[in-house]
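In the working numbering, the protein residues as written are -14 to 188. Positions of the beta carbon are idealized from the N, C-alpha and C atoms, including for glycine. All values derive from a computational prediction rather than experimental measurement. What follows is one structure encoded as structure tokens, with my remarks underneath.
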Amino acid sequence: EVKDATVISFDSQADDLATYQRLGMILDACPDPRGMRYLDLGCNLGFYDFSLARRGAQVTGLDRDERFIATARRVAEIKDVTAEFIAAPLAPALFAAGGILGDPRPAWDLVTCFSTLQWVIEEHGEDFAVELLQAIRGRSKALLIDIPVNCGKPRLSAAPGQELCRMADLIHSACGYPHCRHVGTVAPYKVDRRHVFYCCTED
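And the structure:
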């Protein structure tokens, strides 16, 4: 007899290959995550968070969907993984002094923002997203990010063939990291192609 059993099911169209490609990009950016402070924005159920926590990183995942956060917390408890999960909409104020992700916390060694910023842009506009990226820059040493351009909904728009330039222009104008480079492409929903950028304070 099983008591207090909970069955949780979430459907996802995300492609496993793209997920592991992104994890590979994270590990390329931090080959030895032990002790690293890692922040995952739009963490969903926390795949990267658990992977990094198992490798010794100090992990925080944030998502606006409370169901995902509740499930991630429960999995962390069951698997005895030390990781922090926060349910909150993504906004610049989170990184301000006294904000959930701001001072007095130390700066983040790595922030990831995958398949997330386009939703912020759709809801609040591009100026708000630029302000958010600037807030992230002020509280982090490195950022891995992708944003769909000319694919999916929501997305950024660009002239055909100018997707990479559109993404690069936004990154360079908004983030303010001294070093930014294109590290690859992923297709998380199989039919789209997203450019991934790695931005950091030290090359």
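Run through DSSP, which three-state label would residue i get?
{"i": "Asp1", "result": "helix"}
{"i": "Phe99", "result": "coil"}
{"i": "Leu30", "result": "coil"}
{"i": "Asp50", "result": "coil"}
{"i": "Ala144", "result": "coil"}
{"i": "Gly87", "result": "coil"}
{"i": "Thr56", "result": "helix"}
{"i": "Asp7", "result": "It should be pointed out that residue 7 corresponds to Arg in this sequence rather than to Asp. Residue state, collapsed to three classes: helix."}
Distance, Cα to Cα, residue i vs residue j?
{"i": "Gly175", "j": "Asp0", "result": "It should be noted that the sequence gives Lys, not Gly, for residue 175. Their Cα atoms are separated by approximately 6 Å."}
{"i": "Gly84", "j": "Ala159", "result": "21 Å"}
{"i": "Gln147", "j": "Leu141", "result": "11 Å"}
{"i": "Ala(-10)", "j": "Phe35", "result": "Low confidence applies to Ala(-10): its pLDDT is 45, below 50, so where it sits in the model is not reliable, and the reading given next is rough at best. If I take the Cα positions, the gap works out to 22 Å."}
{"i": "Arg63", "j": "Leu30", "result": "The question names Arg, but residue 63 is Ile in the sequence shown. Distance between the alpha carbons of Ile63 and Leu30: 14 Å."}
{"i": "Thr186", "j": "Pro145", "result": "32 Å"}
{"i": "Met152", "j": "Val134", "result": "7 Å"}
{"i": "Thr56", "j": "Arg49", "result": "13 Å"}
{"i": "Ala61", "j": "Phe32", "result": "11 Å"}
{"i": "Met10", "j": "Val44", "result": "17 Å"}
{"i": "Glu51", "j": "Asp154", "result": "33 Å"}
{"i": "Gly161", "j": "Ala143", "result": "22 Å"}
{"i": "Glu116", "j": "Ala82", "result": "15 Å"}
{"i": "Cys28", "j": "Thr4", "result": "12 Å"}
{"i": "Arg7", "j": "Ala114", "result": "22 Å"}
{"i": "Ile16", "j": "Glu107", "result": "Looking at the sequence provided, one finds Pro at residue 16 rather than Ile. Taking the straight line from one Cα to the other gives about 34 Å."}
By alpha-carbon positions, which one of the options ends up nearest to residue i?
{"i": "Ala127", "options": "Asp50, Leu95, Leu79, Ser36", "result": "Leu95"}
{"i": "Pro173", "options": "Gly137, Gly161, Asp154, Ala143", "result": "Gly137"}
{"i": "Trp93", "options": "Leu12, Arg7, Asp188, Ala42", "result": "Ala42"}
{"i": "Met21", "options": "Tyr5, Arg7, Arg39, Cys28", "result": "Arg39"}
{"i": "Gly110", "options": "Leu75, Arg122, Thr97, Leu12", "result": "Leu75"}
{"i": "Val105", "options": "Pro139, Asp25, Arg59", "result": "Pro139"}
If the criterion is Cβ atoms closer than 8 Å, does the pair residue i and residue j meet it?
{"i": "Arg179", "j": "Asp131", "result": "yes"}
{"i": "Ile156", "j": "Cys165", "result": "yes"}
{"i": "Leu37", "j": "Pro18", "result": "yes"}
{"i": "Leu118", "j": "Ala14", "result": "no"}
{"i": "Phe80", "j": "Arg124", "result": "yes"}
{"i": "Tyr183", "j": "Val171", "result": "no"}
{"i": "Ala120", "j": "Pro77", "result": "yes"}
{"i": "Asp25", "j": "Thr97", "result": "yes"}
**Message:** Between the region 55 to 70 and the region 88 to 101, can you find at least three pairs of beta-carbon atoms closer than 8 Å?
**Reply:** The answer is no - the region 55 to 70 does not touch the region 88 to 101, with fewer than three Cβ pairs under 8 Å.
**Message:** So, does the region 89 to 99 touch the region 59 to 67, judging by three or more C-beta pairs under 8 Å?
**Reply:** no
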